[in-house]
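Chemist: First to last, the sequence lines map onto chains F and P. Numbering that gives the first Met the number 0 puts the first residue of the first sequence at 0, with every later residue one more than the last. Numbering that gives the first Met the number 0 puts the first residue of the second sequence at 0, with every later residue one more than the last. Beta carbons: idealized from backbone N, C-alpha and C, even for Gly. A single structure is presented below for examination.
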Amino acid sequence: MPETNYNQEMAFFVDMQRCIGCHACEMACAECETNGQESMIHVNYVERAVSVQTTVQVCMHCENPACANVCPADAIHQDDFGVVHTANTSRCIGCSNCVLACPFGVPKKMEEAELMMKCNMCYDRTSAGKKPMCATVCPSQALYYGTKEEIERMRPNSVPVNSFVFGNQEVNTKVNIMMPKGTHQLIVD
Amino acid sequence: MAKLPIAADQIIEKYGPHKAYAPQAGFYGAHEPDKLVKTHCCYCGMQCGIQLKVKDNKVAGFEPWMEFPFNEGRLCPKGVERYLQNNHPDRLLNSLQRVEGKGFEAVSWERAMDKTINEINRIQREYGRDAFAMLSGVSLTNEKSYMIGKFARVALKTANLDYNGRLCMVSAGGGNKKAFGLDRSSNSWADLAYAEIIIVAGANISETFPTLTHYIWRARDNGAKLIVVDPRVIPLARTADLHLPIRPGGDSALFGAMLKILVDNDWLDHDFIENHTSGFQETIDAVKDYDLDWAEEHTGISKDKILEAATLWGKAKTSFLLHARGVEHHTKGVDNVLSCINLVLATGRIGKPYCGYGTITGQGNGQGGREHGHKCDQLPGNRDITNPEHRKYIAEVWGIEEKEMPGKGLTAYEQIEAIHRGEIKGMISICFNPLVSLPNNNFVRQALEKLEFYICIDSFLSETARHADIIMAGSLHEEEEGTVTTAEGRVVKINAAVSPPENARRDGEILMEIASRLGAGDKFNFANSEAIFNELRLASKGGTADYYGITYQKIVDNMGVFWPCPSLDHPGTPRLWEDRKFKTPDGKAHFNPVTYRPAAEVTDSAYPVVLTTGRVVSQYLSGTSTRRIGKLVDQYPEPLLEIHPKLAFQYGIKNRDLIKVKTRRGEAEFPAQVVETIREDTVFIPYHWGGKHAANQLTIGSLDPISKIPEFKVCACQLIPTGKMVSEDATEAAYQSQL
């Protein structure tokens, strides 16, 4: 990995309450030079028959990433900022271990390329001091990239949570989900 | 001879719409562009700042413009993908002429101009000057809007000029003028973020103005309550404090009932009403019988919700009321707007910090485009074409005799009716696609087919342009310099990023050459866009929409200037009415009595369901550009019929069933989307498509008596299941079948 210029205070925040389902993040993600015009973020209706609620699925950049841990080819790298990078093309063997291991269901195996791809948090932009494309364009700021102090000041009714419990497994992430005040941890099951 | 020269599918095969997913030359140039050009999105009235990447005179991508104060880099999907309209394979690179039985063939500018001038002269000689009409659009810059107003009156010498703002916000303009004497939203969006209570009525902000949602969420972070009035649970309504699911057509009943509650509870600003308004007593007399039972019956909203809304509004100290087409697209659009304004005036919450009111303009230059004189009844500076003093002033600016200036002409839909009657024989249009955007499409098509000569200036061969005798290859947004005025009244600068490709020309140059060939060249001798703007400044001076103090440099230096700005040392006016001096003759804000009346067409046993129309986030207006951008098409490929499960059950309709929708104007088939997020008595279809997918085959051409806006938002329909089902993967076939 080349030397980077990350601002170590910056973090990524997702606020599902604000999401208006517009898909601007997906389209902007595909414009980022990291991804080759493929979007690594996904917007979906929860249940369109009853609600217009949408969710944003983005790599959570786990502190101890299962995807990297299970990779038999050592193709997934985590950098000093905590970004878990997409599979190294020269190493990835397309085995899908990472796809199966991720508790958030994020990595996708691109069948045409026999390659795993996922969000790099716009490595080419964030490592140069810019914000990720998705969070930059998000018109409702359901996606925000900044410091914890900023988000706590701007959104006094919610708190960032980055601790998730899946069964017996606790996963801490670099990406935060904004939750009602008083929430400390999200228990998924 | 404005019938199609060949079958529509053959025209589509050659001229599209085709989907583009990447710049024609690939993404070459996006990584290392020659330059980044600061400009604005070409779509809605937010006019978000954006930087276009340019390589080899082509737009190759975009980079967020973080410093622009309104959007700070934020964009919606249309803004992200807008760069793909440039260098698109469907782009018209030559002017075209219609050849019977063969379609269209490229034609030289000389030939296109000769034929155009000959036909304009012939028609005006045979039938009179007003028999040649003009329609324009408000995606055009202020400079072009101004020049078109002058072009029609000075070069074409016709009274019949109107614009597609007639389908958008003219009801708001009519209401604003009656109440305030000036037509502009009262505040910058900055005030919105600090209001205690926000009412969003008939405005699907989350899909049509997505970057504005950030200001509403900021307000909610600051403790604001949000009330959304809409027949559908739009994304903004999902988390609102109060959603009022109004029956289409019930707006003035709701706002009238709320006014009655304000009066009953004395939630009024007596000082403001006494000293700065007129007409209060007549206005409250008009609603004295509007009790909650009556309101519930006429709005379809429960009594307790209406009472709660009035209580939230009445008790607040600061507030913002916003509306858009859901309130304005009615035969009583002006009444609806005035009933909103009455709520604002009764509480005196205007002209103060964090207190505001306004319409949200749907088109890119919906605000500026309604100020500079391409409305049939208007001259630059928002002057009145029937006012002798206003006429005299503009005639002097234009260097003509006042008596030479035509009078008030027909509005857009009235022009179509006049073509039908045989009174208008020729037309020139620019940036207007009435075959998709006007109601009662089949009637519009019949009218186009009756024209003896039709010229269209456009960048793509739109549904309407297919009927033209001559199509002049005009310019895209990024190919011409100018200004636009955003929905908050901020005049911003559009910078040309590229020049028109091959034999396409800038719209302004085309109009100037036609004017010259019609013998008015000395009146259109503009060296560049700034020269047009400088004449516009002078023409607007002293008018209610006064731009005199705004210069290109001032806009660039300040990233926009709010009008009115009457002198060069004036900073602009982000917040109106702080001085309490309204622009009405008596200097007061006017209450206006509103008596509820039903829609032009109500449901009955033959047509028992309410049909309403609107937009989706990935498409813009008639879709001339956005239906050519691959990812925007894929996001919402075809119009769907939104229907509530209970209504669907009555008809045995399931999700994705193909439903024939029939009204007294026409019929069309749409896949059903069965969702609980719409009223049980109402169905919704988005209107961005033409041909057999056009919602506007069904809508009604009834007009508001003041604004002459058509009633897009309510008509009566039948639902007839076809017994067919449309699979999700049939959408590509639907796109291909655009006739």
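Please report the residue range of the alpha helix (DSSP H) in which Cys24 (chain F) lies.
Modeler: If you number the first sequence from 1, residue 24 (chain F) lands on position 25. Taken as a continuous stretch (DSSP letters only), the alpha helix (DSSP H) holding Cys24 (chain F) covers 23–28.
Chemist: Which residues in the same chain as Val497 (chain P) place their Cβ atom closer than 7 Å to its Cβ, once the five residues preceding and following it in sequence are excluded?
Modeler: Counting from one through the second sequence, the residue named residue 497 (chain P) turns up at place 498. So the list reads Val53, Asn56, Lys57, Val58, Asn85, Glu477, Glu478, once near-sequence residues are dropped.
Chemist: Is Glu668 (chain P) near Leu697 (chain P), with beta carbons less than 9 Å apart?
Modeler: As a first step, residue 668 (chain P) must be located in the second sequence, where it is residue number 669. As a first step, residue 697 (chain P) must be located in the second sequence, where it is residue number 698. No, the pair does not count as a contact, with Cβ atoms beyond the cut-off.
Chemist: With a threshold of 9 Å between beta-carbons, can Thr238 (chain P) be considered close to chain F, or not?
Modeler: For the purposes of this step, residue 238 (chain P) is identified with residue 239 of the second sequence, where counting begins at 1. Cβ-Cβ to chain F under 9 Å: yes for Thr238 (chain P).
Chemist: Of the residues P:Gly613, P:Lys449, P:Thr482, which one's Cα is nearest the Cα of Asp468 (chain P)?
Modeler: Working through the second sequence from its first residue, we reach residue 468 (chain P) at position 469. Ranking P:Gly613, P:Lys449, P:Thr482 by Cα distance to Asp468 (chain P) puts P:Lys449 first.
Chemist: For the alpha helix (DSSP H) containing Arg124 (chain F), name the first residue and the last one.
Modeler: Position 125 of the first sequence, counted from the start, is the residue given in the question as residue 124 (chain F). Taken as a continuous stretch (DSSP letters only), the alpha helix (DSSP H) holding Arg124 (chain F) covers 122–125.
Chemist: From Ile549 (chain P) to Asn364 (chain P), what does the alpha carbon distance come to, in whole angstroms?
Modeler: What you label residue 549 (chain P) is simply residue 550 of the second sequence in a count that begins at 1. What you label residue 364 (chain P) is simply residue 365 of the second sequence in a count that begins at 1. Ile549 (chain P) and Asn364 (chain P): Cα-Cα distance of roughly 17 Å.
Chemist: Going by other Cβ atoms of all chains shown within 10 Å of its Cβ, with 16 needed for buried, is Asn527 (chain P) buried or exposed?
Modeler: As a working note, residue 527 (chain P) is residue 528 in the second sequence. Per the 10 Å Cβ criterion, exposed.
Chemist: I want to check one thing, is the minimum distance from the CB of Asn68 (chain F) to the heavy atoms of the ligand HEM below 8 Å?
Modeler: The ligand content of the structure shown is nil, which means the ligand HEM is not present either.
Chemist: Give the DSSP bridge partners of Asn175 (chain F), in chain order.
Modeler: Taking the first sequence and counting its residues from 1, the one referred to as residue 175 (chain F) is at position 176. Looking at the DSSP assignment, Asn175 (chain F) forms a beta bridge with F:Phe12.
Chemist: Quick check on Arg97 (chain P): does DSSP put it in helix, strand or coil?
Modeler: Locating residue 97 (chain P) in the second sequence gives position 98, where the first residue counts as 1. DSSP places Arg97 (chain P) in strand when its eight states are reduced to three.
Chemist: If Met120 (chain F) sits next to His60 (chain F), beta carbons under 8 Å apart, how far is it from one beta carbon to the other, in whole angstroms?
Modeler: In the first sequence, counting from the first residue as 1, residue 120 (chain F) sits at position 121. In the first sequence, counting from the first residue as 1, residue 60 (chain F) sits at position 61. At roughly 6 Å, the Cβ-Cβ gap stays under 8 Å, so Met120 (chain F) and His60 (chain F) are in contact.
Chemist: Which residue wins for smallest C-alpha separation from Ala256 (chain P), given the options P:Ser184, P:Glu327, P:His269, P:Thr282?
Modeler: The residue given as residue 256 (chain P) occupies position 257 in the second sequence. Here the closest residue by C-alpha is P:Thr282.
Chemist: Whole angstroms are fine: how far does the CA of Pro88 (chain P) sit from the CA of Glu12 (chain P)?
Modeler: Counting from 1 along the second sequence, the entry for residue 12 (chain P) is found at position 13. Counting from 1 along the second sequence, the entry for residue 88 (chain P) is found at position 89. Using only the alpha carbons, I get a separation of about 12 Å.
Chemist: DSSP state of Cys94 (chain F), grouped into three classes?
Modeler: Translated into positions along the first sequence, residue 94 (chain F) becomes position 95. Reduced to three states, the DSSP call for Cys94 (chain F) is coil.
Chemist: Taking a Cβ distance cut-off of 7 Å, strictly less, list which residues of the region 65–90 of chain P are near chain F, in chain order.
Modeler: Within the region 65–90 of chain P, the qualifying residues are Gly72, Arg73, Leu74, Cys75, Pro76, Val79, Glu80.
Chemist: Using DSSP with H/G/I as helix, E/B as strand and the rest coil, what is Val36 (chain P)?
Modeler: Mapped onto the second sequence, residue 36 (chain P) falls at position 37. Three-state DSSP puts Val36 (chain P) in a strand.
Chemist: Using CA coordinates, which residue listed in P:Cys40, P:Cys167, P:Asp220, P:Arg348 is at the minimum distance from Ser157 (chain F)?
Modeler: Translated into the one-based positions of the first sequence, residue 157 (chain F) becomes position 158. For the residues P:Cys40, P:Cys167, P:Asp220, P:Arg348, the minimum Cα distance to Ser157 (chain F) belongs to P:Asp220.
Chemist: DSSP three-state label for Gln140 (chain F), please.
Modeler: If you number the first sequence from 1, residue 140 (chain F) lands on position 141. Three-state DSSP puts Gln140 (chain F) in coil, outside helix and strand.
Chemist: Tell me, to the nearest whole angstrom, how far the beta carbon of Glu641 (chain P) is from that of Val682 (chain P); I am working on the premise that it is less than 8 Å.
Modeler: Position 642 of the second sequence, counted from the first residue, corresponds to residue 641 (chain P). Position 683 of the second sequence, counted from the first residue, corresponds to residue 682 (chain P). Indeed they touch by this definition, with Cβ atoms about 6 Å apart.
Chemist: By Cβ distance, which residues of its chain are closer than 6 Å to Pro433 (chain P), with the 5 residues on each side in sequence left out?
Modeler: Taking the second sequence and counting its residues from 1, one reaches residue 433 (chain P) at position 434. So the qualifying residues of the chain are Val443, Thr463.
Chemist: Do you know offhand how far Ala796 (chain P)'s Cα is from Leu610 (chain P)'s?
Modeler: Outside the displayed range of chain P (0 to 738) lies residue 796 (chain P), so it cannot be described from this structure.
Chemist: Quick one: give me the first and last residue of the alpha helix (DSSP H) that Val682 (chain P) is part of.
Modeler: The residue labelled residue 682 (chain P) in the question sits at position 683 within the second sequence. Unbroken run through Val682 (chain P) is the beta strand (DSSP E), 681–685; no alpha helix (DSSP H).
Chemist: Which of the three DSSP states is assigned to Ser157 (chain F) in this structure?
Modeler: As a position in the first sequence, residue 157 (chain F) is number 158, starting the count at 1. Three-state DSSP puts Ser157 (chain F) in a strand.
Chemist: Confirm, please, whether the CB-CB distance from Gly136 (chain P) to Asn439 (chain P) is below 9 Å.
Modeler: By one-based count along the second sequence, residue 439 (chain P) stands at place 440. By one-based count along the second sequence, residue 136 (chain P) stands at place 137. Going by C-beta atoms, Asn439 (chain P) is not nearer than 9 Å to Gly136 (chain P).
Chemist: What's the C-alpha gap between Arg369 (chain P) and Ser436 (chain P)?
Modeler: The residue given as residue 369 (chain P) occupies position 370 in the second sequence. The residue given as residue 436 (chain P) occupies position 437 in the second sequence. Computed Cα separation, rounded: 18 Å.
Chemist: How big is the Cα-Cα spacing for Ile215 (chain P) and Val36 (chain P)?
Modeler: Mapped onto the second sequence, residue 215 (chain P) falls at position 216. Mapped onto the second sequence, residue 36 (chain P) falls at position 37. C-alpha separation (whole angstroms): 29 Å.
Chemist: Based on Cα-Cα distance, which residue from F:Thr125, F:Tyr144, F:Lys147, F:Gly81 lies nearest to Asn194 (chain F)?
Modeler: No answer is possible for residue 194 (chain F): it lies beyond the span of chain F, which begins at 0 and ends at 188.
Chemist: At a Cβ threshold of 9 Å, is Gly20 (chain F) touching chain P?
Modeler: Your numbering for residue 20 (chain F) matches position 21 in the first sequence. Chain P contact via Cβ: present.
Chemist: In this structure, what does DSSP give as the bridge partners for Pro670 (chain P)?
Modeler: By one-based count along the second sequence, residue 670 (chain P) stands at place 671. Beta-bridge pairing links Pro670 (chain P) to P:Leu657.
Chemist: Going along the chain, which residues of the region 673–707 of chain P sit with their C-beta nearer than 8 Å to a C-beta in chain F?
Modeler: Hits within the stretch, in order: Val673, Val674, Glu675, Thr676.
Chemist: Just how far apart, CA to CA, sit Leu51 (chain P) and Lys34 (chain P)?
Modeler: On the second sequence, residue 51 (chain P) is found 52 positions in, with the first residue counted as 1. On the second sequence, residue 34 (chain P) is found 35 positions in, with the first residue counted as 1. Between Leu51 (chain P) and Lys34 (chain P), the C-alpha separation is close to 8 Å.
Chemist: Can you tell me the Cβ-Cβ gap for Pro597 (chain P) and Gly248 (chain P), rounded? I've got them flagged as a contact below 8 Å.
Modeler: By one-based count along the second sequence, residue 597 (chain P) stands at place 598. By one-based count along the second sequence, residue 248 (chain P) stands at place 249. Yes, Pro597 (chain P) and Gly248 (chain P) are in contact; Cβ-Cβ is about 7 Å, under 8 Å.
Chemist: With DSSP as the reference, identify every bridge partner of Phe103 (chain P), one or two as the case may be.
Modeler: By one-based count along the second sequence, residue 103 (chain P) stands at place 104. P:Arg97, per the DSSP bridge assignment.
Chemist: Count Cβ pairs between the region 231–244 of chain P and the region 92–111 of chain P that sit closer than 8 Å; are there 3 or more?
Modeler: No, the region 231–244 of chain P is not in contact with the region 92–111 of chain P.
Chemist: For Ser139 (chain F), go through chain P and note every residue whose CB falls closer than 7 Å to its CB, in chain order.
Modeler: Locating residue 139 (chain F) in the first sequence gives position 140, where the first residue counts as 1. What Ser139 (chain F) touches in chain P: Pro209, Thr212, His213, Trp216.
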